[in-house]
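Student:
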Amino acid sequence: MFSVAEKLKKSAIALTTAGAAMTCSYANADFVNFQSFDVSLYNFNDNKMSPETTVSPIVEAFGDYSIGDMYVYSILENNAGDDDWTGKDQTYYYKFVPRLSYSKIFNQDISHGVFKDIAFAQWIAKTQDVDSVDYYAGIALDWNLPVNGFSWFRTIFYRENSAYSDGVVSEGWDGSRIHIDYGIPFSTSIGDFRIVGTFDHTFNDVRVTDFKPELHYDLGKALGNDAGHLWTGLVINPIRNKYGAKDGAVGWTGGVTDSNQEAWGAFIRYSFW
Numbered sequence: 389m390f391s392v393a394e395k396l397k398k399s400a401i402a403l404t405t406a407g408a409a410m411t412c413s414y415a416n417a418d419f420v421n422f423q424s425f426d427v428s429l430y431n432f433n434d435n436k437m438s439p440e441t442t443v444s445p446i447v448e449a450f451g452d453y454s455i456g457d458m459y460v461y462s463i464l465e466n467n468a469g470d471d472d473w474t475g476k477d478q479t480y481y482y483k484f485v486p487r488l489s490y491s492k493i494f495n496q497d498i499s500h501g502v503f504k505d506i507a508f509a510q511w512i513a514k515t516q517d518v519d520s521v522d523y524y525a526g527i528a529l530d531w532n533l534p535v536n537g538f539s540w541f542r543t544i545f546y547r548e549n550s551a552y553s554d555g556v557v558s559e560g561w562d563g564s565r566i567h568i569d570y571g572i573p574f575s576t577s578i579g580d581f582r583i584v585g586t587f588d589h590t591f592n593d594v595r596v597t598d599f600k601p602e603l604h605y606d607l608g609k610a611l612g613n614d615a616g617h618l619w620t621g622l623v624i625n626p627i628r629n630k631y632g633a634k635d636g637a638v639g640w641t642g643g644v645t646d647s648n649q650e651a652w653g654a655f656i657r658y659s660f661w
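The structure is reproduced here in structure tokens:
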């Protein structure tokens with residue numbers, strides 16, 4: 389059996405190797421505009437469809453390139469004391485989200501008003517003990533909303549080819565979703581903050597709504613160090629019909645599904661860039 393550290397290390401190696409395939413190298417300044425690598429530890433409470441309390445190391449990477457950008461995410465979720473949980477005490481999930489930008493590839497500014505750019509987006513994900521890979525393809529629209537304080541705001545419309553859909557084995561392109569992610573930095577008398585979040589809604593037979601806003605506080609700057617590296621904060625994660633399991637439905641074991649969650653938690657994060 390691998391330890392938590394060994395599994396996270398293997399996941400991080402896989403993510404950075406895949407990222408290197410797209411990013412080439414840091415030395416290629418014509419291709420690489422910006423890259424960051426984040427390591428976080430999250431504690432969640434009041435989860436449904438998983439241990440009630442979890443502690444999860446998370447590895448993330450983001451790169452901005454001459455042809456688009458890519459986001460990489462990996463989580464190793466661990467049971468943190470839920471003795472009533474009958475499933476696995478540890479599970480992993482990772483995803484890659486590469487995007488090809490129209491304006492970058494064709495060197496053409498197509499922005500107009502609040503509209504900034506259009507891109508071809510993909511979402512490739514893998515969950516532990518699921519043999520197949522989730523693959524989504526879609527169109528991303530980037531928006532310029534500085535008047536409202538957003539440093540970025542993106543909407544992506546996906547068609548889904550999932551390993552599972554509505555709780556059963558998927559048979560192809562049988563779903564769709566809208567994904568939104570955003571960032572809002574702001575400063576107060578006690579320091580610098582940012583709100584970073586995602587919103588996902590599927591349009592399958594069982595509709596999943598997943599909203600996860602996070603409040604980040606720049607702890608490193610408050611302690612007299614460089615800004616933008618050491619963060620801490622709070623997160624909430626309300627989900628309806630989590631994992632595509634319809635809340636209130638009678639499961640195959642005869643029990644009633646409880647898949648609507650109001651999870652909350654805290655985290656600490658370090659960003660390398």
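Just so we're aligned: 570 in our numbering is position 182 of the sequence shown, and the numbers increase by one with no gaps anywhere. Even for Gly, the Cβ is constructed at its ideal location relative to N, Cα and C.
First and last residue of the alpha helix (DSSP H) that includes L611?
Tutor: L611 -> no alpha helix (DSSP H), and no H or E assigned at all.
Student: Report the residue ranges of all beta strand (DSSP E) runs contained in full by the segment 474-519; include only those spanning at least 3 residues, in chain order.
Tutor: Whole beta strand (DSSP E) segments, 3+ residues: 478-489, 503-515.
Student: How many angstroms separate the CA atom of T442 from the CA atom of D497?
Tutor: T442 and D497: Cα-Cα distance of roughly 45 Å.
Student: Taking V460 as part of the beta strand (DSSP E), name the residues at either end of that continuous run.
Tutor: Per DSSP, V460 belongs to the beta strand (DSSP E) from 456-467.
Student: Is it right to say H604 is buried, meaning 16 or more other beta carbons lie within 10 angstroms of its own, or is it exposed?
Tutor: With 16 or more other Cβ atoms within 10 Å, it is buried.
Student: Going straight from the alpha carbon of G501 to that of S539, what length do you get?
Tutor: When rounded, the distance between both Cα atoms is 16 Å.
Student: Would you identify the three-state DSSP class for Y523, choosing helix, strand or coil?
Tutor: Note: Y523 maps to strand in three-state DSSP.
Student: Does the distance from the CB of G451 to the CB of Q423 come in under 7 Å?
Tutor: Contact: yes.
Student: Where does G526 land, buried or exposed, given buried means 16+ other C-beta within 10 angstroms?
Tutor: G526 is buried by the Cβ-count criterion.
Student: Per DSSP, F599 is paired with what?
Tutor: Answer is F587.
Student: Just checking my contact of I506 with Y481 at CB under 8 Å: how many whole Å lie between their CB atoms?
Tutor: At roughly 28 Å, the Cβ-Cβ gap does not stay under 8 Å, so I506 and Y481 are not in contact.
Student: Which value, in whole angstroms, describes the spacing of the CA atoms of V485 and G636?
Tutor: V485 and G636: Cα-Cα distance of roughly 32 Å.
Student: By how many angstroms is the C-alpha of D477 removed from the C-alpha of K514?
Tutor: Straight-line Cα distance between these residues: approximately 18 Å.
Student: For Q649, does the count of other Cβ atoms within 10 angstroms reach 16, so buried, or fall short, so exposed?
Tutor: Looking at its Cβ environment, which holds 16 or more other Cβ atoms inside 10 Å, Q649 is buried.
Student: Spatial neighbours of A415 within its chain, please: CB distance less than 6 Å, with the 5 preceding and 5 following residues excluded, ordered by chain position.
Tutor: Unreliable placement is indicated for A415, whose pLDDT of 43 sits below 50; no coordinate value is reported for it.
Student: Does DSSP put F655 in a helix, a strand or coil?
Tutor: F655 falls in the strand class under three-state DSSP.
Student: Which whole-angstrom value describes the C-beta separation of F425 and F660, a residue pair presumed to lie in contact below a C-beta threshold of 8 Å?
Tutor: So it is a contact: roughly 4 Å between Cβ atoms.
Student: Within 10 angstroms of its Cβ, does I493 collect 16 or more other Cβ (buried), or is it exposed?
Tutor: Classification of I493: exposed, given that the 10 Å Cβ count is below 16.
Student: Measuring CA to CA, which of P439, N433, V427 is closest to P445?
Tutor: The shortest C-alpha separation from P445 is found at V427.
Student: Beta carbon of P573, beta carbon of G585: below 7 Å?
Tutor: Not closer than 7 Å, so no.
Student: Does any residue of chain B have a CB that is nearer than 7 Å to the CB of R657?
Tutor: As a matter of chain content, chain B is missing from the structure shown, which is built from one protein chain.
Student: What are the boundary residues of the beta strand (DSSP E) that G571 is part of?
Tutor: 561-576 is the span of the beta strand (DSSP E), which, as asked, contains G571.
Student: Does the beta-carbon distance from N433 to G653 come in below 7 Å?
Tutor: Yes, the Cβ-Cβ distance between N433 and G653 is below 7 Å.
Student: Less than 7 Å between the beta carbons of D569 and R595, yes or no?
Tutor: Contact flag unset, no.
Student: Checking the sheet assignment: what are the DSSP bridge partners for A633?
Tutor: None; A633 has no bridge partner.
Student: Please classify P439: does DSSP put it in a helix, a strand, or coil?
Tutor: P439 falls in the coil class under three-state DSSP.
Student: Given this structure, state the Cα-to-Cα distance separating I512 from S564, to the nearest angstrom.
Tutor: When rounded, the distance between both Cα atoms is 14 Å.
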